[in-house]
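Here the sequence shown is numbered in our numbering, starting from 1097 and rising by one per residue. Every residue gets a Cβ at the ideal spot worked out from N, C-alpha and C, and that includes glycine. Please read the structure below before turning to the comments.
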Amino acid sequence: MIETLNIWLSTYTGLALLPFLSVCLIVAGAAFFRGLTGFGYAILSVPLVSLVSTPAVAVLMAILMQLIIGPFGVKQARGIIDVPMVSKIAILACLSTPLGLWLLDVVSVDIARLIITTIAIGSFFAFMMKRPQTLNNSPLHIALVGIISGLLNGFAAMPGPPVVLHFVRKQVPPAVSRGSMITIFFATAAMATAVAFLRGMVDLQLLVLTALTCPLMIGGNHLGSKYFGAVSEPVWRGFVMVLLAIAAIVALIKLF
């Protein structure tokens, strides 16, 4: 029975039983963290999944997950967000996403794994920064937010850091920030998915793996949201840093 399951998983997901179970555990845990804190699914899932699979699979899985859950909230966001500004960021992010995917496709697996882990650690610290007092809406700032978000989206499935710093860390009302980010992330996920299909980066194995783990993502997020505010910030922050440090060490070992 186990051997049959192992063969089926290897054929249709590209992973043997143990790596597949590891991916399931990572997806559920990262989703729980997202529900617990409101951010960070890709920060945890992509570096850790890339240790048991390839960085491309880890990134594209996270992008497809974002595409699946993205529509929930976009409709409600239209009435409260600054549509012109959000549109500019989303368009620029979409335009630079293909470059990020191209880099992911051409960079070696070991180097990509290390870069992704480094981005995740940097992103986590960025989310912890103290918020500035003013919102910078200059054309240059908007352009940088959009372009960097798209590059990070394509290479690491992490479009969030520049967008979060632009909205959440600059005293934009929470509902407006959330709606703006949901809209931008859904747009970039749609763009990344389309480009990945055109580049031949999405295959049946990736789709089956995403379909099998998606319920764990939804369930983990729902469970984490029930404990929102119940776990102290020092505890979950320390836990995340330990996991990212482990991912970085393993990535370095694989590289050298």
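When the Cα atoms are used, residue 1296 and residue 1255 turn out to be separated by approximately 22 Å. Assignment of residue 1111 by DSSP, reduced to helix, strand and coil, places it in the coil class.
Non-local C-beta neighbours of residue 1116 in its own chain, meaning closer than 7 Å and more than five positions away in sequence, comprise 1105, 1109, ordered along the chain.
Between residue 1197 and residue 1288 a beta carbon distance of about 6 Å is seen, short of the 8 Å cut, so the two are scored as contacting. In the three-state reduction of the DSSP assignment, residue 1238 falls in the helix class.
For residue 1201, the enclosing alpha helix (DSSP H) stretches over residues 1179 to 1202. Boundaries of the alpha helix (DSSP H) harbouring residue 1173: 1170 to 1173, taken from the DSSP string. Comparing C-alpha distances from residue 1272 to each of 1156, 1177, 1136, 1103 shows the shortest one belongs to 1177.
At a Cβ-Cβ threshold of 8 Å, residue 1192 and residue 1247 count as neighbours. Contact check for residue 1146 against residue 1212 passes: the beta carbons are separated by less than 8 Å. Contact annotation: residue 1157 and residue 1340 have beta-carbon atoms that are not nearer than 8 Å.
With a threshold of 16 other beta carbon atoms within 10 Å, residue 1210 meets it and is buried. By the criterion of a C-beta distance shorter than 6 Å, residue 1242 is surrounded in its chain by 1185, 1188, 1189, once the five residues flanking it on both sides are discounted. If you draw a 10 Å sphere on the C-beta of residue 1323, you find fewer than 16 other C-beta atoms in it, and that means exposed. Linking residue 1155 to residue 1164 through their CA atoms gives a straight-line distance of about 14 Å. For the pair residue 1252 and residue 1142, the CB atoms are nearer than the 8 Å cut-off. Between residue 1249 and residue 1130, the CB-CB gap reaches or exceeds 8 Å.
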